[in-house]
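Using the working numbering, you'd call the opening residue of the sequence shown number 7 and step up by one each time.
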Amino acid sequence: MIVLTVALVLVVALTSTLLAYVFARDAAQKIILEDNMVTAEALAKYLEARANMEIEVLSAMAVQPEMTDQTLSLAEKADFLNNIAAMDNQRIAYTVCDVQGNGFTNTGIDRDMSDRDNYREAIRGNTLVSDPIESELRPGTMAITYSVPIRDPRTNRVTGAIILEKDAVNISEIVGDFVVGQTGGPFIISLDTGNTVAHKEYERIQRGENLAQASKTQPDLAELSSHVNNLIAGNRGTATYNYQGETWLIAYTPMDSLQWGVAIRAPLAEFTDEIVLMLEIMIIVAVILI
7 MIVLTVALVL
17 VVALTSTLLA
27 YVFARDAAQK
37 IILEDNMVTA
47 EALAKYLEAR
57 ANMEIEVLSA
67 MAVQPEMTDQ
77 TLSLAEKADF
87 LNNIAAMDNQ
97 RIAYTVCDVQ
107 GNGFTNTGID
117 RDMSDRDNYR
127 EAIRGNTLVS
137 DPIESELRPG
147 TMAITYSVPI
157 RDPRTNRVTG
167 AIILEKDAVN
177 ISEIVGDFVV
187 GQTGGPFIIS
197 LDTGNTVAHK
207 EYERIQRGEN
217 LAQASKTQPD
227 LAELSSHVNN
237 LIAGNRGTAT
247 YNYQGETWLI
257 AYTPMDSLQW
267 GVAIRAPLAE
277 FTDEIVLMLE
287 IMIIVAVILI
């Protein structure tokens, strides 16, 4: 009878302990996902503000007489941009273009811009922030371009474009400053292509990583790819997924004014180690007391 009683008490104690662990783990997981979503939204707004600032500066330059005067050559217009180009070494070059697709940089290089998406979008009268592309002006460097139209101040007709190339590494450096858990953190995805735009491991951008398509060659990324494709579809959300036998947390949100999205992921175990330790201690204490 005593043995049966002890066994019953032990079962009740262990069951209570396991239930406490499950509830604590689930509560922690919910809080972490909510916090990661807040961080993702804040990072999205910050990066949007930075990109919009570049567009606003370019737009302000585009209305200057030195840009709108059709009697000036492209070289003369590009020379006007030299002072602002010296603001930081992340600025690779400015290119001033006409409606025929001819371009000239502030560094003195003629360029044919007629087949470039950033040029075409600006000539249509739109602004554009591109995904990282390999820079022709600084070989071996990935660049993000910012494009705005130049308009005739009297007719509002588009007469050209200004295109800024900036080193793409800067955004990855910003993203790399955010650490979630011990090894987790954010990454930026292009909603147009699925390519990685920014990541603390910058070589991912250099090799053209595409997490939306990664599961075709790496089946263990299937669940992550599913969430990335959900982000590309314009959705925001939080979830868990399995990667190589480990549970990961992910929160993601698209940006409002850019074709980019922010995702933050981290291994669940990095947040539940203390809960597991608590479980082990409670089991040991329960056994000792019995």
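Beta carbons: idealized from backbone N, C-alpha and C, even for Gly.
Nearest-angstrom Cβ-Cβ length linking residue i and residue j, presumed shorter than 8 angstroms
| i | j | result |
| --- | --- | --- |
| residue 234 | residue 46 | Actually they do not touch by this definition, with Cβ atoms about 13 angstroms apart. |
| residue 48 | residue 277 | Residue 48 to residue 277, Cβ: 19 angstroms. No contact. |
| residue 256 | residue 247 | 6 angstroms |
| residue 152 | residue 211 | Between residue 211 and residue 152 the Cβ distance is about 17 angstroms, and since that is not below 8 angstroms, they are no contact. |
| residue 57 | residue 135 | 5 angstroms |
| residue 87 | residue 112 | 5 angstroms |
| residue 124 | residue 169 | 6 angstroms |
| residue 164 | residue 129 | 6 angstroms |
Where the beta strand (DSSP E) through residue i begins and ends
| i | result |
| --- | --- |
| residue 210 | Counting along the chain, residue 210 falls outside any beta strand (DSSP E), though it belongs to the alpha helix (DSSP H) covering 209-212. |
| residue 172 | 164-173 |
| residue 248 | 243-249 |
Among the options, nearest to residue i - alpha-carbon criterion
| i | options | result |
| --- | --- | --- |
| residue 273 | 205, 145 and 251 | 251 |
| residue 102 | 244, 173 and 166 | 166 |
| residue 148 | 139, 125 and 155 | 139 |
| residue 92 | 171, 213 and 218 | 171 |
| residue 63 | 156, 203, 42 and 164 | 156 |
| residue 253 | 243, 241, 244 and 275 | 275 |
| residue 119 | 104, 132, 203 and 131 | 104 |
| residue 200 | 260, 271 and 40 | 260 |
| residue 243 | 270, 145, 75 and 204 | 270 |
| residue 173 | 158, 141, 69 and 181 | 141 |
Residue i - containing alpha helix (DSSP H), residue span
| i | result |
| --- | --- |
| residue 71 | 71-74 |
| residue 85 | 80-86 |
| residue 126 | 123-129 |
| residue 238 | 228-238 |
Same chain only: Cβ atoms within 6 angstroms of residue i, ignoring 5 sequence neighbours per side
| i | result |
| --- | --- |
| residue 265 | 197 and 198 |
| residue 220 | 227 and 231 |
Beta-carbon proximity list for residue i, same chain, < 7 angstroms, skipping 5 on both sides
| i | result |
| --- | --- |
| residue 262 | 54 |
8 angstroms CB neighbourhood of residue i in its chain, flanking five on each side removed
| i | result |
| --- | --- |
| residue 225 | none |
- prompt: Does the stretch 188-204 come within contact of the stretch 94-113, defined as at least 3 CB pairs closer than 8 angstroms?
  reply: Two segments are said to touch when three or more pairs of C-beta atoms, one from each, lie closer than 8 angstroms; by this definition the stretch 188-204 does not touch the stretch 94-113.
message: Tell me whether the stretch 73-92 and the stretch 104-112 touch, counting them as touching only if at least three CB pairs, one residue from each stretch, are closer than 8 angstroms.
response: Put simply, the stretch 73-92 touches the stretch 104-112. At least three CB pairs are less than 8 angstroms apart.
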